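Residue numbering for the sequence shown follows the UniProt record's numbering, beginning at 1 and increasing consecutively.
Every residue gets a Cβ at the ideal spot worked out from N, C-alpha and C, and that includes glycine.
Remember, it's a predicted structure, so these values are computed and weren't measured experimentally.
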Amino acid sequence: MNEKTRQSAKHHYNYSKDRFMQEKWTSEKDLIEFDEGQIVMSRRLDQNISKTAALVGCSQSAVVSIYQKWSKEGTVVNQRQGHGRPRPIDACGERRLARVVRSYRRATVAEITEEVNAGSDRKVSEYKNWCYQSQMSCDQPCKGPAAWNEVNGVCGGNKQSPINIVTKKTKQDASLTAFKFTGYSEMFTSRLKNNGQTVFLDIPLGATVTGANLSHIYKAVQLDFHWGSSGSPGSEHTLDGEQYPMELHILHIKDKFLTVDESQNDTAGQAILGFFFEESDTENKEYSAFIAALAKVQNAEDHTELNISLNKLIMSETKLRNYYRYEGSQTVPGCSETAIWTVFKEPIPLSKAQLADFYNLKFKDEKPMVKTFRPVQPRKGRVVYRSHSGATVTTVEFSFTLLLLCILDETKGDWCYQSQVTCDSHCKGPDSWHEVHEDCTKNRQSPINIVTRKTKLDHKLTPLVFHSYQVAFSSILENNGHSVKVSVPHMTKASVSGGNLGATYKAVQFHFHWGDKGGPGSEHTIDGEQHPMEESKSANKKYDGLIQALTKVESANTNTTISDISLSNLISSEENMTKYYRYEGSLTTPHCTEAVVWTVFEIPIPLSKEQLSAFSYLKFRDGKPMTKTFRPVQPHKGRTVYRSGSAIVMLSFSLLL
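Rendered as structure tokens:
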């Protein structure tokens, strides 16, 4: 089929099919029926003559004449004359209707669907140098998620996806009613393809969504998946910081557009439905055909035919009433900010074995196709709405600071933070800390994400008792190449007890973790939110001495004396430290020793922007800026996080030191 014929077929197919589908004429068996790539003209007079006339741009009487003639001839398309043109009764009407049929019959459903969806596969054609974090290596000079803005500047925009959805900060919207799914139950045959970055399935036109406060009809054009690896989650969106094993995206475009490319010129041109997956004990039989087809597309560019319906891939409609809505973007370059996102709360169950079949796929370089997700992006002031039937929402909003109650056991060696990892550094970042010390992969690792709605109230978590925290002392402030730390002299007798600790713990050292010039840098996160140290408009005078001393330890392995400092000046007042969370964890640097009782406080320590920036001028051992000095959050692995009796209040939120 030449390009001119293809374009003609595509245009008439989309124009006719969409118009007739929208008017629900197919349910009345009116003018045109679509079945496996064939258009059949009805032999009876259509009752909606005015609609037909408007569609083809002719008079109603002319349309009636055409119908009568075709009915008498008993044929789907009137016979041709000598030059390959239809015999005209009405030059516009009959030619238009006949041309739609003939041109479409020259193309197959698969060809037209592929053409219509071409824009959605630009991720492997136009933007060739991007990759996921799991693909990056010194032998693979591709641009990972942090550098996607170099592939396409839009990837650094203000409405990027995915995001972390903090349920307690969502706003209920009564207009977010139930969806109306049309054509989702219809079986179709299409091409499942491994494009070297994921697996995707083209969707022949016909399935649409309306309702749920969508202002237009959106037609489904393609679906794809994002997953992690064995033992590691891989959804793109997160819910209160929780990442699910996998996520399904079904891409829809406004019905008026012929291609995905066209929809990218409209800020609401796309409606993307996102579905989480959870691991279940039993197999999901609805996915049997899809999972079986994965074995045929294990390598990049492999493809196979699959007969399936969209309903088989999602939950029943009764489980699709709880969802979240926000304005966002595509999650691969070019990251076009044209998407209305709907993320459903209820996950789809798949067995461990079914999930593992996705991990057997391969990238273009033949390495395992794992961790195919973009990290969550900043919300930048966007509001996330929840449907009326509502995703569960808690009433806790808070800030917090952090206190580690143990003796730090620092490891010497070639470990480093992710911000230090380069092909020339040869140091082992957080993902490889287990090579430095095996304890770093055990079951009680820190830091963690604290999901407030899953914490348990413990009345034994009474206020802590701080002993001799007000005693001033002099000590050494040291830049050890990883952070800055201050030892607490034994003579201060500073210690802490109470709060169900079961013993008295003496203070021996404190240190800090931060981001990049005010950016997120905390180790622990609350409901998936990572923050810088708490920023205030005015300087915290109690920190003046410490901040001034930082200028004397900018280089690694330097130190200076710091005088007249007390622990009580560095933390919040005792009345602000009754609200906290408690769990059992580990050190957050190698050896990663699991001998720590963690207490995470709600109330933040305020510092000015200038004070915060002072930390970012310090340098690592390699002379590069000491930024993003945090370990990523670690799996809970069944641990329970408890909250104190005072930790259920409404507070403004920020974060940690």
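Among the options, the one whose alpha carbon lies nearest that of residue i
i: residue 638; options: 369, 445, 528; result: 445
i: residue 503; options: 465, 520, 515, 517; result: 465
i: residue 226; options: 242, 253, 198, 206; result: 198
i: residue 431; options: 631, 456, 377, 138; result: 631
i: residue 562; options: 550, 362, 572, 556; result: 550
i: residue 501; options: 421, 253, 546, 584; result: 584
i: residue 492; options: 568, 378, 433; result: 568
i: residue 670; options: 204, 324, 283, 270; result: This structure cannot settle anything about residue 670, because the visible part of the chain is limited to 1 through 657.
i: residue 232; options: 358, 579, 508; result: 358
i: residue 140; options: 149, 130, 148; result: 130
i: residue 369; options: 228, 554, 223; result: 228
i: residue 214; options: 243, 242, 255, 200; result: 255
i: residue 545; options: 527, 472, 179; result: 472
i: residue 509; options: 180, 525, 478, 515; result: 478
i: residue 489; options: 578, 462, 528, 565; result: 565
i: residue 527; options: 507, 474, 448; result: 448
i: residue 240; options: 525, 574, 552; result: 525
i: residue 468; options: 496, 486, 455; result: 496
i: residue 670; options: 474, 441, 617; result: Nothing can be reported for residue 670, as the shown portion of the chain is limited to 1 through 657.
i: residue 374; options: 243, 303, 189, 263; result: 243
i: residue 415; options: 268, 172, 589, 553; result: 589
i: residue 167; options: 296, 181, 317, 345; result: 345
i: residue 138; options: 422, 554, 297; result: 422
i: residue 625; options: 577, 516, 560, 293; result: 516
i: residue 180; options: 295, 420, 575, 212; result: 212
Same chain, Cβ closer than 7 angstroms to residue i, neighbours up to 5 away in sequence not counted
i: residue 174; result: 388
i: residue 133; result: 144, 145, 371
i: residue 439; result: 591, 592, 593, 594
i: residue 512; result: 483, 484, 615, 657
i: residue 457; result: 643, 645
i: residue 443; result: 637
i: residue 377; result: 160, 161, 162, 163
i: residue 352; result: 279
i: residue 380; result: 158
CB-CB length for residue i against residue j, believed under 8 angstroms
i: residue 628; j: residue 470; result: With a Cβ gap of about 33 angstroms, residue 628 and residue 470 do not count as contacting.
i: residue 539; j: residue 608; result: 4 angstroms
i: residue 200; j: residue 223; result: 7 angstroms
i: residue 289; j: residue 308; result: 6 angstroms
i: residue 286; j: residue 312; result: 4 angstroms
i: residue 429; j: residue 462; result: No, residue 429 and residue 462 are not in contact; Cβ-Cβ is about 40 angstroms, not under 8 angstroms.
i: residue 343; j: residue 165; result: 6 angstroms
i: residue 672; j: residue 581; result: Because the chain spans 1 through 657 in this model, residue 672 falls outside it and cannot be assessed.
Same chain, Cβ closer than 6 angstroms to residue i, neighbours up to 5 away in sequence not counted
i: residue 326; result: 341, 382, 384
i: residue 426; result: none
i: residue 207; result: 183, 184, 220, 310
i: residue 300; result: 194, 196, 364
i: residue 621; result: 481, 556
i: residue 355; result: 245
i: residue 460; result: 500
i: residue 542; result: 569
i: residue 623; result: none
i: residue 547; result: 611, 614
i: residue 268; result: 340
i: residue 350; result: 277, 284
Sheet register partners of residue i (DSSP bridge)
i: residue 195; result: Looking at the DSSP assignment, residue 195 forms no beta bridge with any residue, so it has no partner.
i: residue 349; result: 278
i: residue 201; result: 192, 223
i: residue 362; result: 368
i: residue 659; result: Because the chain here runs from 1 to 657, residue 659 falls outside it and cannot be looked at.
i: residue 181; result: 209
i: residue 456; result: 642
i: residue 385; result: 171, 325
i: residue 164; result: 238
i: residue 264; result: Residue 264 is not bridged to any residue.
i: residue 625; result: 619
Residues of its chain near residue i, where Cβ-Cβ distance is below 8 angstroms and the 5 sequence neighbours each way are ignored
i: residue 406; result: Low per-residue confidence applies at residue 406: pLDDT is 38, beneath 50, and the placement is therefore not dependable enough to give any value.
i: residue 157; result: 329, 335, 337
i: residue 124; result: Here residue 124 scores only 43 on pLDDT, less than 50, and its place in the model should not be relied on; the value that follows carries that caveat. Only 195, 196, 197 meet the Cβ criterion.
Min CB distance residue i to chain D below 8 angstroms
i: residue 475; result: Of the chains in the structure shown, none is chain D; there is only one protein chain.
If we count Cβ pairs, one from each stretch, closer than 8 angstroms, do we get three or more for the stretch 192-211 versus the stretch 230-242? no
How about the stretch 275-282 and the stretch 242-257: do they share at least three Cβ pairs that are nearer than 8 angstroms? yes
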